[in-house]
Structure formats: C-alpha cells, structure tokens
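**Student:**
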Amino acid sequence: MAATEQTIKQVNSLGNSEYKYGFSTDLDEIKAPKGLSEEVVRFISAQKNEPEWMLEWRLNAFKVFNKLPKPNWAKLNIPEINYQEYYYYSSPKSLKDKPKSLDEIDPEILKTYEKLGIPLKEQEILSGVAVDAVFDSVSVATTYKKQLNDLGIIFCSISEAIQEHPELVKKYIGSVIPVTDHSFAALNSAVFTDGSFVYIPEGVRCPVELSTYFRINAINTGQFERTLIIADKNSYVSYLEGCTAPMRDENQLHAANVELVALDNAEIKYSTVQNWYPGDSEGKGGIYNFVTKRGACRGHSSKISWTQVETGSAITWKYPSCILQGDNSKGEFYSVAITNNKQQADTGTKMIHIGKNTSSKIISKGISAGKAQNTYRGLVSINSRASNSRNFTQCDSLLIGNECGAHTVPYIESSNADSTIEHEATTSKINEDQLFYCMQRGLNSEDAVGLIVNGFCKEVLQHLPMEFAVEAQKLVAISLEGSVG
Amino acid sequence: MSTAVKLDMMPSKDISDYAEKVLLNNPFENFKIENYKYAQLHKSITSNVSLDEFKADLSSISSVKNIKLSDTSDIDLLSDLNKWNFNNADSYFRVNSILERSSKKIDLDLFREEIVCLDLSLFKENIHLLKASDSPKTLMINNSNLSEDCARSIILNLSENAKLNIIHYNISNSKSFLYFEINQQNNSNIKFLSFQSNNIHTRNEFFASLEENCSLDLYGLNIHNYGVNDNYSFIQHMKPSSQSREVFKSIVKSGAITNFQGKIYVDSIAQKTDGYQMSRSLILDNESKANNKPELEIYADDVKCSHGSTVSKLNQDQVYYFKSRGIDEEQAIKILQKAFLVETLEAIENTQIKEYSYSLLDSRL
Amino acid sequence: MLKINNLHVSIEGKQIIKGLSLSINKGEVHALMGPNGSGKSTLSYVLSGKEGYEIEEGTIEYNGKNLLDLEVDERANAGLFLAFQYPMEIPGVQTSFFLKTAINSKRKFLGMPEIDALEFAKLIKSQAEDLGIGSEMLKRDLNVNYSGGEKKKQEILQMSILKPDMAILDETDSGLDIDALRIVSEGVNKLRSEQNSFLVITHYQRLLNYIKPDFVHIIADGRIVKSGDFSLALELEEKGYEDISKTA
Ligand SMILES: Nc1ncnc2c1ncn2[C@@H]1O[C@H](COP(=O)(O)OP(=O)(O)OP(=O)(O)O)[C@@H](O)[C@H]1O
Ligand SMILES: [Mg+2]
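These protein sequence lines are chains A, B and C, in that order.
Quick note on my numbering: the first sequence kicks off at 1 and runs consecutively.
Quick note on my numbering: the second sequence kicks off at 486 and runs consecutively.
Quick note on my numbering: the third sequence kicks off at 851 and runs consecutively.
1) May I ask whether a heavy atom of ligand 1 can be found less than 6 Å away from the beta carbon of C/Thr-1022?
2) A/Thr-142 to A/Arg-390, Cα distance in whole Å?
3) On the DSSP bridge assignment, give the partners of A/Lys-365 in chain order.
4) Output, in chain order, the set of chain C residues within a Cβ distance shorter than 8 Å of B/Ile-818.
5) Give the interface partners of C/Val-943 over in chain B, defined as CB-CB distance under 7 Å, in chain order.
6) Helix, strand or coil for C/Thr-1042, going by three-state DSSP, please let me know.
7) Given a limit of 8 Å on CB to CB distance, which residues of the region 388-410 of chain A reach chain B?
8) Does ligand 1 have even one heavy atom less than 6 Å from the beta-carbon of C/Gly-887?
9) When you compare the region 379-389 of chain A with the region 734-743 of chain B, are there three or more beta-carbon pairs, one atom per stretch, that lie closer than 8 Å?
10) For A/Gln-252, list the residues DSSP reports as bridge partners.
11) Does the beta-carbon of C/Ser-891, which I'm using as the reference point, lie nearer than 6 Å to any heavy atom of ligand 2?
12) Cβ of C/Ile-1011 within 6 Å of any heavy atom in ligand 1?
13) Is C/Glu-1092 a contact residue of ligand 1, with contact defined as CB to any heavy atom under 6 Å?
14) Where does A/Glu-241 land, buried or exposed, given buried means 16+ other C-beta within 10 angstroms?
15) What are the residues in the region 757-772 of chain B lying within 7 Å of chain A by C-beta distance?
16) Considering just the uninterrupted stretch of the alpha helix (DSSP H) at A/Trp-57, what are its terminal residues?
17) Taking B/Arg-849 as part of the alpha helix (DSSP H), name the residues at either end of that continuous run.
18) Could you work out which residues of chain C lie near B/Val-827, taking near to mean beta carbons separated by less than 8 Å?
19) Ignoring anything shorter than 3 residues, give me the beta strand (DSSP E) runs that lie fully in the region 577-652 of chain B, in order along the chain.
20) Which same chain residues, not among the five before or five after B/Asn-650, have their C-beta less than 6 Å away from its C-beta?
21) Counting Cβ pairs, one atom from each stretch, are 3 or more of them under 8 Å apart for the region 839-850 of chain B and the region 953-972 of chain C?
22) Looking at the unbroken alpha helix (DSSP H) that takes in A/Pro-510, where does it start and where does it end?
23) Starting from A/Ser-271, follow its DSSP beta bridges and name the residues at the other end.
24) Under a three-way DSSP split, which group does C/Leu-1012 fall into?
25) List, in chain order, every chain A residue whose beta-carbon is nearer than 9 Å to that of B/Asn-777.
26) Do C/Pro-1014 and C/Phe-1080 have their CB atoms nearer than 7 Å?
27) Buried or exposed: which applies to A/Trp-276, given that a residue is buried once 16 or more other Cβ atoms fall within 10 Å of its Cβ?
28) Closest to A/Gln-252 by CA distance: which of A/Asn-289, A/Ala-266, A/Ile-230 is it?
29) For ligand 1, any of its heavy atoms closer than 6 Å to the Cβ of C/Ile-866?
30) Which runs of the alpha helix (DSSP H) fall wholly inside the region 759-805 of chain B and span at least 4 residues, in chain order?
31) If we cut at 7 Å on Cβ distances, does B/Glu-840 have a partner in chain C?
32) Taking the alpha helix (DSSP H) that C/Ile-953 belongs to, which residues open and close that run?
33) Express the C-alpha separation of B/Ala-647 and B/Ala-832 in angstroms, rounding to a whole number.
34) Considering only C-alpha positions, which residue in the set C/Glu-904, C/Ile-1018, C/Ile-1028, C/Asn-856 is nearest to C/Glu-878?
35) Determine, using beta-carbon pairs with one atom in the region 681-695 of chain B and one in the region 709-718 of chain B, whether at least three such pairs fall under 8 Å.
36) Return the CA-CA distance between A/Leu-95 and A/Ile-162, expressed in angstroms with no decimal places.
Spelled out as structure tokens, the structure:
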C-alpha cells in the first residue's frame, strides 16, 4: 500500500532518533476562546450546528466533569493539568466550508499528510484503505465513501453522523462509556470535537479496512476525539487507527473516547499504532494520552479484538476493554507498549465476563528502556452467572538498562466455579546471548535490539493487519534507538 | 477526620495521628486503600453458617518449648518503617499494630529445643523475634486458640547466615489481623508456611526485606468453608542475588472468599534477583469467590521474576483418570484437593510437624 | 464378555465412530489397528466412560450388563481397564499412594478389607521390579515428568496390580524402547488367561509378535473394515492401510 510504503521509506531514512513527524503547518485557524467553561462547550456545539439534544448531553457531561476527581489508580506521575491552559476547539479556516472533494482541500494540509505518509490522492487510487483523516479537530475528507455507501456502511465523522444519523448516535453514544465513568470520559463527552463514526449493517462484511489517521497540529490544542463503531448482527469490520503529532515543547492533552458495540455474531477488530510525540530525551514536551476505549459484546457469539502498539506519548493512560455480555462472546487484547527516555505508560485492559461461555485472551508485551516506567494493569472478572468462561493472560516485560522500571498489576476476580482463569507474567532483561549472536553476525547493537524486541513482540504484531504490521515493526525498533550502547 | 482520607498523600509523621484517630471510629468505613481492595474490612463479617469448633491441637508434637511471658523482655522500638519501599500509609495494620502496643522481645537462640511454639493467645503485646544462629529451628506460631479478635505485629530479625523454619497455624473462629515482618540479613534463609482454615475474618500481611544472597520461601495453605480470608505480601529485594519464592494455594466452597494480593519489589541495585510468585485457587461452587492480585515492581534489569495465577475448578480429566482406576468420585476429589495443596507442606522441615500438618489437612478435607 | 453393536459416537456434533460392531469373548486377545484419527482412542474412551462423547446409536454389553449404565469407576471395578495412550500427569499425588488407593477401591468393591501395608509393599515391589520400575519412581508424583516410555510402563504396572478382566491397551507400545517392549509384553502375557481378555490397539506388528492376538481388526473412518487372524497384521505391515482398505 502506498501510504505504508511511504511511511516506511521515511522511517528508513531516519538517521537518528529524532521524531520524524516534528513539523507543523502554518494555517489560519478558528479557535475557541482559551480555557474550559460552559461557554466553550456551547461554542463547540454551535460551531458544529449541533441539535439541542447533543448540546444538552455535552452540558450535562461538563457538569459531571466538574464533580469528578481525576482518576488516580495509575502508577503515573502526572503533572497537575491546568485545563484552562488549553484551547478546546481549533479548525483550519479553509475547512469551515467542508470540501466536497480532495481537490478543494488546502494544499498545505495535503502536503502535511504526504509527509506523514498518507497522500490522500494516491490513497484513494491505490490502496484498499479508506481514510477519514482528522486534521486537528475537523474531519478533512473521507475517501471510499461511495463504495461503502453501496453496502449501506456508514463511515463518516461523528459530527456528520450527529446531523445525518441522529437516531443511531443517540442510541449508542455513551452507552458503553457512561459520561460518569471517570473525569476524562466526562471531559471528552463535554468537549469532543470530532472523530469517526462507523455503522456496519446487518450481515455485511466490510470489504476494506477502515482507517483514521489523527494528527495534532495547532499549538496547545487539546484533542478530544469521539469514535463510535457499531457492528450490527452478523457483520464484520476491521478498523485501523494511526496517530502522529508534531513536535512541540508544551505538553498536549489528548483524551479520546472510543466506543464499540458488537451485536449478535458481529466482530470488530480495532487496531492502533500510536507514535505521538513522546517528548525529548529530557522528558520535555510530548503528548498526554488519556484514552478510554471500551467495547461491548452485546450480542451472543460476538467478538471484539483490540490490538495496540503504543510507542509514543509522554504519558499513556489507556485500557481498551471488553464487556462480554452476550453468551459465547469473545474478547481479545494484544498489546505492545514501549517506553524509552522519560516516557511513562500505564496500560492494559479489562475483561468483564457476564454472559455464559465467554472467553477472553490477553497478550501484553511491555518494553522499558532509558528512564522510563512501564506498567501493565489489567482486570479479569468472571461473574457468578458467567458459567464455563475462560481467560488466558500472558504478560511479559522486558527491561533494557537499569534505570527503568517494569511493573505488572493484574486483578483476577472469579465468582464462578465452572470457569478458568490462567495468568502468567514474566520480567526479564534482554537476552545477552541473543544480542551477542546477532552482533557476531554483523548487526549493530541497535539493529540487534530491534530484532530481538520484535521477536519478543511477534505474538502481538502478527495480529495487526498486514499494512500496519511492517510499519509497527519499524516503529518498535525506532522507539528503542539510543537505549543500548 | 473523615476515614475516606487519602492516606497516600500523607507524610509519614502524620500517620500515627491518623492511626490513633481512626481507631476511635470504625476504621474501615469507606476504606479505599488499594492494598485492602478485597479485604472487606469495612464489613463486620459474621458467619451465618455453623462454625466448626475445630482447633489445631499441637500437643501431639513432642519436646516443644512453649514460650511464656517470662521468656521475654520489653523492647521499645520495633520496626524501622522508613526502610520499606512501600507507602506506610497503605498498610493500616503495620502502622497501627506497631504504634498501638507495647512489645516483647524473644531471642530464639536462647532455647535449646529445636521446636519453639508461640501461642498468640498468651500475648497481648506485639512480638519481636531474633535469630542469629544457623542451627535448625522450627517456630510454630499458633493463633488457633484465640477466643477474641486479635491484631498483632510479629517482627522477625534474622542475622547473617541465620536459618529458620516457621509454621503458622491459623485455625480459629475469631477475627485476626496479623502483620508479619521479616528482616533478612545476608545469607539468611527462611521457610514460612501459613496454614489457614475456616476463619471468620482474617487478614495476614507478610512484609519481607531481603539483603544479599538470602532465600525466602513463603507458602500459604488455605482451605475454607466460610469467612473472608485475605493475604497480602510485600517482598522487597534490596541487595543482589537473593531468591524469593511464594506459593499460595486456596480452596474455597460454601460461600468462602479467599484473596491474595502480593508484590515483589526489586530495587535497582538488586541485580540477579530471582523472584517467583504463584497464587492458585480452586473454587468449588458459585457462592464462593477468589480474588488475586499478584504484582511485580521491578527497577533492576538483570533479574528473573515471574508470577502466575490461576482460578479454576478441579481438573475433570484428573477426576476421570481416578475413576477409570476404580476410585469413586468423592474420594478422587478429596485426593485431588489434597494434591493441590500439599506442595505448600513441603516447606516444613521437621518431620514430626510435617506429619501433624498432613493429618491436619486430612481432617479439613 | 464385551459386545459392541452398531456403535455411533460423536464429539461436539462431529461423528467419529460410525457403526462399529465388535465382540470379544473370555480369554481372547483382539488387536485393533487403523490409521491415525480413525477412532481407536475414541472407542477406548467410550468403553471406559469418559464424558463428552455422545452415543447416538448402538449398544455395548459387558458381562451381560449394559455398560453404558455404569459410571467410570463402576466399570473399572467391574474389571474394565484402560491403559491410556496419553496417561494423565497428576502433580501432588505420589505414585505409590495412588496405586494403593486404586487397589483399596477394588477391594472395597469386592467387600474385602484394605490391603495391609506390608502386603502392599511386597506386591508393588515385585510387580514394579518385573517391569523394571525403580522404587524411587514410585515415590514421585504420578506420571509427572516421567518419560514417554516410563508413563507407558506405569500404565502396565497399574494393570498388573488391578488384574482386570478386560484390558484395553491404547498404543501402549508407542514410545517404548526394544527392551521395554519385551518387558511390557511379558507383563501382558503374565496376566493372560482363560479368564481375561484384551483389546490391544497398536500401529505395529512388532508388539503382536510378543502378544499373539487371536483376532486382528482394521478400523477406518469409524468402522471395522476388515477382520482376520494374525496374518492380517502381517499383510498390513506389507501393504499399508490404503491397499487393505481397498480390498476390504
Ligand atoms: N475432543 C475432540 N473434539 C473434536 N474432535 C476430536 C476430539 N477428540 C478426537 N477428535 C477427532 O476424532 C478423530 C478420532 O480420534 P482418535 O483419537 O480416536 O483417533 P485414533 O484412531 O486414536 O488415532 P491415533 O492413531 O493417532 O491415536 C480424530 O479426527 C480426532 O481429531
Ligand atoms: Mg489414539
């Protein structure tokens, strides 16, 4: 695929460990007044011409946000966040009237995407990937719309969905992640700017991988996407999310909410490669990534599978979860989290078994280098009615150097005698014999580390769609540059 | 002061004030400390089943030295709370039981007998045990004779090269909250088994700090028909080349709850640490519950640490194998339950005590 | 002694045994041979009463009784023994303790008192020695970390001690070295009498050289496609299953 190949080329051309996407685009912007207030919430809603119910929903969420304390369970050192320091809405002016086709798009923006490895035009022609690109807060363009339309698949920005498909949005938004869940979820619900909406109708297998690339551009823009994916009975969809952000000194706040709903026999596969700016080697700058991702397997025999490769962000706080409500439903979580320099990550999953014969699988690989701290945190809970349920968890951590930390915090709760939970975890250092072997065969230490770490992560990477897997492998190696030697 | 106070924000000098105040109220109302996640301390647990009157009877073990009050001396300072890489405020019992009571010192090397028994019903104080020699000794700690609720700290200091085998019998219908602290100097080693059955409500905290080249084997054997049984362990490796091995096995039925929360902490200088932690539970019916939270917190890279945790029912293929050899289901289940637990009994070195423990287990199945 | 009539068995909706009939009389040795996946082990599990197998059709009579009415342990005590193709590992249970429990179960069933310790020690010592099983082996947990061959010997030891009327040996020869094969066969032959019968499942004629079967059956795709005497095994060794099935 063109996009991927370009990205790989760029990755290959990287001679040093500097962040490759560290450029920014000069554009005129429409910004909300700085800070967070009811006015800002109203401003965002008004900018988007939202119906009254949506505004009410946001305002209620804002009230909840003001009441909830910041979640504090993670093993993270999060500097006090001053919510008044951020802009909650910014939109390139030329997008105020949305483009009807790619030709109408500001060439500056297209150029930016090209640097990111996502030339929309080529993409449309060459690749099977439909891209709904989010540039700052507004969805720029959606390709492949027609083909998807013919199948009855709705793939658009959430803003558009609020206008065009209010009944679906109303029914499902906040049904998986309640507004009251925790303060980041409430904040997102109040000020979310854009994101993707997917609806796969009954019996339809989505023929292409749907994909969104996010990009944070404007200075001090908190980015709050809201994604909602609904797979109706007997349907299937695979969704890819890739993220890059330009280099900035100030920390940027990001709090996305992603909700998935799988009805009877439906399957959703959600893959993420996250390489947002992690900050420099001194820990300056970088994205704060506070994401809430949750899927509900509502229907019987439904399946939700999360795959994530988390290499970026200064702080990652993220627990893609599955609520296994339907009988025979399945949840999966495959994760690679790499932290280097002064990055911190606290990530994992929750598998809540409610229906009978439900099963879940968790494979987590954490790699910590430099002065980074990397924590796996996960919950497996089997309800007393969830007979014959199963979980298997494998959690491995790798330490590179002795200034970093690797931590494992699983919660394992069972109230059912017919169910089985198995959990295994290991922590070790990178195998020196393997390193030696590779270097004896002529690899330099960084390539050798990249190779070995990729082997360590293989079980997870192989769950990524092909076009992502290669990019992810490169990323794994790149994010560990400078960690040995 | 509200009891929902955020202890983790509190500087340690305030903790004693806090502990005092909290004692006056119901300490665990809204108690949200992570390390007590499953302990249900806010609930006053009363068992609505008929409690069994069983007590561990240690009288069959011969030539035992029973520790009396006259064998002890007074001691002031018990524990250096600051040496722990653990937020003091996160353990109510370790702070509280240390601050609350006077303490008695017992030097285990003063007794000639190989087996020494400490009956907690005889002491109202906290206990500070010392052992310096490498001569074999088994310490039995019995809280089976308690008739009332009990909160105690038991602190154990092992000097260089010292060795000790400990078995803790916790079979009582009272509520007991025990804080065990183990301080191991270089080359010392400990094998510790806590044998627990049918407590109304029990919380055991095991804190161990290991210096160089030590070994610690910590085992838990749990078999419960009622009550809440909560075990917490925190093992810190502070120097290189030590080994810790934890195995907690639990069987619950008829509404009993068993919990294991444990952490292995490896300091950045504690290279070559070998840490292993295994918690396994068998749940025999849907009224019962098992919660496990095995944690690793690791700051050194040249280490080998792992944990595993399983929750399941009895392996039905094994039951089938027994039956195919003519053994009926009831007996097969008994044997398999025993087989599941016996690994922990191997921690006992003294054959007399080992035999007694096996028979004790048989009587509990 | 054992009469299987038109047996149909499925697992999780998949038919494995599709109309199998077989009669074994007292004192007879039958060999059952057939390609991988043809249903040999499935048959042996069904005979021993393992759960999860659905008997869709057919009957199994054992000593005039309906075998399917009996629980697994009842079948065992009624003299039916299965030497497993893949013996179970049971951590925490000492081998000798397991043997004793099994013997006592049978004695209880027969209304006999428990075996006394000395008698038991003598019994297993001699039997184990005959099979070349060392006494330290008996102290280890049952089958745990036993080698493939050691597990098979363990199964035969259990058989020699329990003295079944009807023994089913599921590929007991696989994984045995040449000496072990001879020793195991001797164990079987020692038990062989007018009173007991064997169903020997194997892939190799070699075992049958030691344990001469009275009948040889070939199973393919869940039913017996050919039966004969010992010469059938020889023919099979020569031609392979494919040819034989064709001529069937
Ligand atoms: N639990 C199960 N679920 C689904 N299929 C099964 C199950 N057990 C066995 N089978 C299938 O049933 C068929 C017969 O298996 P069986 O073990 O009886 O073969 P076998 O004749 O003993 O083969 P081998 O010579 O390899 O030991 C095989 O196709 C096998 O895959
Ligand atoms: Mg077989």
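Using N, Cα and C, we set each Cβ at its ideal position, and we do this for glycine too.
**Tutor:** According to the structure shown:
1) No, ligand 1 has no heavy atom inside 6 Å of this Cβ.
2) Note that A/Thr-142 has pLDDT 49, beneath the 50 cutoff, so the model's placement of it is unreliable and no number is given.
3) Under DSSP, the beta-bridge partners assigned to A/Lys-365 are A/Val-336, A/Asp-396.
4) Within 8 Å Cβ-Cβ: nothing; B/Ile-818 doesn't reach chain C, min ~12 Å.
5) Ile-820, Ala-824, listed in chain order.
6) According to the sequence as given, residue 1042 of chain C is Arg; it is not Thr. Reduced to three states, the DSSP call for C/Arg-1042 is coil.
7) Listed in sequence order: Ser-397, Leu-399, Ile-400, Gly-401, Asn-402, Glu-403, Cys-404, Gly-405, Ala-406, His-407, Thr-408, Val-409, Pro-410.
8) Answer for C/Gly-887: yes, Cβ within range of ligand 1.
9) The region 379-389 of chain A is not in contact with the region 734-743 of chain B.
10) Beta-bridge pairing by DSSP links A/Gln-252 to A/Ile-287.
11) Yes - ligand 2 has a heavy atom lying nearer than 6 Å to the Cβ of C/Ser-891.
12) Taken from the Cβ of C/Ile-1011, every heavy atom of ligand 1 lies 6 Å or farther away.
13) No, since every heavy atom of ligand 1 falls outside the 6 Å radius drawn around the Cβ of C/Glu-1092.
14) Buried: at least 16 other Cβ atoms inside 10 Å.
15) Within the region 757-772 of chain B, the residues whose Cβ lies closer than 7 Å to some Cβ of chain A are Ile-768, Leu-769, Asp-770, Asn-771, listed in chain order.
16) A/Trp-57 -> alpha helix (DSSP H) spans 52-67.
17) Taken as a continuous stretch (DSSP letters only), the alpha helix (DSSP H) holding B/Arg-849 covers 836-849.
18) When 8 Å is used as the limit between beta carbons, B/Val-827 is near these residues of chain C: Gly-942, in chain order.
19) If only complete runs of 3 or more residues are kept, the region 577-652 of chain B shows the beta strand (DSSP E) at 588-592, 600-604, 611-616, 623-627, 635-643, in order along the chain.
20) Thr-623, Lys-676, Glu-834, listed in sequence order.
21) As far as the Cβ criterion goes, the region 839-850 of chain B does not touch the region 953-972 of chain C, which means the pair count is below three.
22) Absent from the model: residue 510 of chain A. The displayed extent of chain A is 1 to 485, so no value can be given.
23) According to DSSP, which records beta bridges pairwise, A/Ser-271 is partnered with A/Leu-240, A/Thr-307.
24) DSSP places C/Leu-1012 within a helical segment (H, G or I) once states are collapsed to three.
25) Chain A residues near B/Asn-777: Pro-410, Tyr-411, Ile-412, Glu-413, Ser-414, Ile-421, His-423.
26) C/Pro-1014 is not a Cβ neighbour of C/Phe-1080, given a cutoff of 7 Å.
27) A/Trp-276 comes out buried.
28) Taking only the C-alpha atoms, the option nearest A/Gln-252 is A/Asn-289.
29) Under cutoff, so the answer is yes.
30) List check, alpha helix (DSSP H) in window: nothing returned.
31) Cβ-Cβ to chain C under 7 Å: no for B/Glu-840.
32) Where C/Ile-953 is concerned, the enclosing alpha helix (DSSP H) stretches over 945-959.
33) One Cα belongs to B/Ala-832, the other to B/Ala-647, and the distance between them is close to 17 Å.
34) Measuring from the Cα of C/Glu-878, the nearest candidate turns out to be C/Ile-1018.
35) Contact between the region 681-695 of chain B and the region 709-718 of chain B is present, with at least three C-beta pairs closer than 8 Å.
36) For A/Leu-95, the predicted model reports a pLDDT of 45, less than 50, meaning its position is unreliable; a value from the coordinates is still stated below. So the two alpha carbons sit approximately 18 Å from each other.
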